[in-house]
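What follows is a short report on a single structure.
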Amino acid sequence: MTRKIRIFMVEDDHNFGAVLKSYLEIHDYVVYWVDDGKHAVKEYRSDDFDICILDVMLPNVDGFQIAKEIRFVDKNIPLIFLTAKTLKEDVLKGFSLGADDYITKPFDSEVLLCKIRAILKRNETPADHQEEKDELEIGKYTFNYPHRILSIAENKQKLSPREAELLRLLCLKMNDILPREMALKKIWGEDNYFTTRSMDVFITKLRKYFKEDPTIEISNIHGSGFKLTRN
95 MTRKIRIFMV
105 EDDHNFGAVL
115 KSYLEIHDYV
125 VYWVDDGKHA
135 VKEYRSDDFD
145 ICILDVMLPN
155 VDGFQIAKEI
165 RFVDKNIPLI
175 FLTAKTLKED
185 VLKGFSLGAD
195 DYITKPFDSE
205 VLLCKIRAIL
215 KRNETPADHQ
225 EEKDELEIGK
235 YTFNYPHRIL
245 SIAENKQKLS
255 PREAELLRLL
265 CLKMNDILPR
275 EMALKKIWGE
285 DNYFTTRSMD
295 VFITKLRKYF
305 KEDPTIEISN
315 IHGSGFKLTR
325 N
């Protein structure tokens with residue numbers, strides 16, 4: 095029997111939460127709903143979830159703090175923030191915490207459903223792609239894309255799905271420019287201000303992963319994109 099996708103949802107509005115939970119369950123998801131941020135992380139630890147939907151404005155503990163604590167438990171779990179606020183600072187904060195998407199209320203539930211499906215598809219584990227055995231040499235590093243592992247000597251870094259996909263695209267364009275627009279549309283599905291800022295965060299993370307080999311550089315080509323080179 096195929097395991098159903100398990101969604102961890104934190105939403106304090108009881109009417110909205112009940113409707114959204116029922117809607118997602120109709121579409122064959124298992125939804126674990128928490129209505130108070132104070133208990134969210136404890137409840138998250140009680141099960142194995144595939145994706146989180148977090149309201150930003152919550153009593154006691156807000157969605158951003160919950161995301162930080164959940165990321166400490168599982169750094170790769172996909173996150174979707176829900177909010178009635180449209181402040182740019184809040185959106186950027188969400189993406190800086192590794193958000194996969196940020197949805198402003200009110201929204202069409204069907205749109206949320208499509209976004210969940212797209213995120214889960216991007217986050218599929220390599221178990222579905224056993225035929226992929228390729229390993230790429232990047233300076234002193236070895237990058238196993240199917241298993242999303244970047245290693246140097248005995249040290250191994252597990253990459254998130256988006257980190258792995260972004261690094262793969264950079265490798266395919268080694269010593270050439272990876273156009274920003276192409277990467278955004280392929281990985282994020284759209285090219286706008288917020289997804290651009292999100293990709294900048296991921297580029298910064300990738301640069302840190304290569305700190306053990308100073309010959310590796312990911313440079314920002316102004317107005318064009320990024321380039322992965324070995325000096």
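95 is the number of the first residue of the sequence shown in my numbering; add one for each residue after it.
All residues carry an ideal CB built from backbone N, CA and C; glycine is no exception.
Exercise. Do three or more CB pairs link the stretch 127 to 135 to the stretch 154 to 164 at distances below 8 Å?
Worked result: yes
Problem set entry | Buried/exposed call for Asp149, threshold 16 Cβ in 10 Å | Residue 149 sits at position 55 when you count from the first residue of the sequence shown. Buried, since its Cβ has 16 or more Cβ neighbours within 10 Å.
Exercise. So what does DSSP say about Lys169, is it helix, strand or coil?
Worked result: The sequence position of residue 169 within the sequence shown is 75, counting from 1. DSSP places Lys169 in coil when its eight states are reduced to three.
Exercise. DSSP state of Phe102, grouped into three classes?
Worked result: In the sequence shown, the residue the question calls residue 102 occupies position 8. Three-state DSSP puts Phe102 in a strand.
Problem set entry | Rounded straight-line distance, which links the Cα of Arg262 to that of Ala277 | Working through the sequence shown from its first residue, we reach residue 277 at position 183. Working through the sequence shown from its first residue, we reach residue 262 at position 168. Taking the straight line joining both Cα atoms gives about 10 Å.
Problem set entry | Burial state of Tyr303 (16 or more Cβ within 10 Å) | Along the sequence shown, one-based indexing puts residue 303 at 209. Per the 10 Å Cβ criterion, buried.
Problem set entry | Coil, strand or helix - Arg291 by DSSP | As a first step, residue 291 is located in the sequence shown; it is residue number 197 there, counting from the start. DSSP places Arg291 in helix when its eight states are reduced to three.
Problem set entry | Those runs of the beta strand (DSSP E) which lie wholly inside the stretch 272 to 321 and span at least 3 residues | 310 to 315
Exercise. Asn325 to Ile312, Cα distance in whole Å?
Worked result: Stepping through the sequence shown from its first residue, residue 325 is reached at position 231. Stepping through the sequence shown from its first residue, residue 312 is reached at position 218. Those two C-alpha atoms are separated by around 11 Å.
Problem set entry | Residues near Val113 in its chain [Cβ-Cβ closer than 7 Å; skip 5 each side] | Against the sequence shown, residue 113 aligns to sequence position 19. Hits under 7 Å: none found.
Problem set entry | Rounded straight-line distance, which links the Cα of Asp294 to that of Gly111 | On the sequence shown, residue 111 is found 17 positions in, with the first residue counted as 1. On the sequence shown, residue 294 is found 200 positions in, with the first residue counted as 1. Distance between the alpha carbons of Gly111 and Asp294 is about 33 Å.
Exercise. Buried or exposed: which applies to Ile147, given that a residue is buried once 16 or more other Cβ atoms fall within 10 Å of its Cβ?
Worked result: Looking up residue 147 in the sequence shown gives position 53. Answer is buried; the Cβ neighbour count reaches 16.
For this session: Determine the direct distance from the alpha carbon of Ser254 to that of Asp285, and round the result to whole angstroms.
Result: Taking the first residue of the sequence shown as position 1, residue 285 is located at position 191. Taking the first residue of the sequence shown as position 1, residue 254 is located at position 160. Answer to the nearest angstrom: the Cα atoms are 20 Å apart.
Exercise. Exposed or buried, what is Phe166 when buried is set at 16 or more other beta-carbons lying within 10 Å of its beta-carbon?
Worked result: The sequence position of residue 166 within the sequence shown is 72, counting from 1. By the neighbour-count rule (16 or more Cβ atoms within 10 Å), Phe166 is not buried but exposed.
For this session: Indicate whether Val185 and Phe288 have their beta-carbon atoms separated by less than 8 Å.
Result: Mapped onto the sequence shown, residue 185 falls at position 91. Mapped onto the sequence shown, residue 288 falls at position 194. Their beta carbons are under 8 Å apart, which means Val185 touches Phe288 by this criterion.
For this session: Measuring alpha carbon to alpha carbon, tell me which of Asp122, Thr323, Ile281 and Arg139 ends up nearest Lys234.
Result: Here the question's residue 234 lines up with position 140 in the sequence shown. Checked all of Asp122, Thr323, Ile281 and Arg139; the closest Cα to Lys234 is Thr323.
For this session: Give me the Cα-Cα distance between Tyr138 and Asp168, rounded to the nearest whole angstrom.
Result: Counting from one through the sequence shown, the residue named residue 138 turns up at place 44. Counting from one through the sequence shown, the residue named residue 168 turns up at place 74. Roughly 10 Å separates the two Cα atoms.
For this session: Compare the C-alpha of Ile174 against each of Met151, Ile213, Asp142 and Lys115 and name the closest.
Result: Residue mapping note: residue 174 aligns to position 80 of the sequence shown, counting from 1. Closest option to Ile174, Cα to Cα, is Ile213.
Problem set entry | Sequence-distant residues of the same chain with beta carbon closer than 6 Å to Arg216, five excluded per side | The count along the sequence shown starts at 1 and reaches residue 216 at position 122. So the qualifying residues of the chain are Pro255.
For this session: Measure from the alpha carbon of Leu300 to the alpha carbon of each residue in Lys279, Ile271, Glu257 and Pro172, then state which is nearest.
Result: Numbered from its first residue, the sequence shown carries residue 300 at position 206. The shortest Cα separation from Leu300 among Lys279, Ile271, Glu257 and Pro172 belongs to Glu257.
For this session: Let me know if Thr309 comes out buried or exposed under the rule of 16 or more other beta-carbons within 10 Å of its beta-carbon.
Result: Position 215 of the sequence shown holds residue 309. So Thr309 counts as exposed.
Exercise. Run through DSSP, which three-state label would Arg324 get?
Worked result: Looking up residue 324 in the sequence shown gives position 230. Arg324: strand per DSSP, three-state reduction.
Exercise. In terms of alpha-carbon separation, which member of Trp127, Arg291, Ile120 and Asp122 lies closest to Asn109?
Worked result: Residue 109 sits at position 15 when you count from the first residue of the sequence shown. Comparing Cα positions, the closest option is Trp127.
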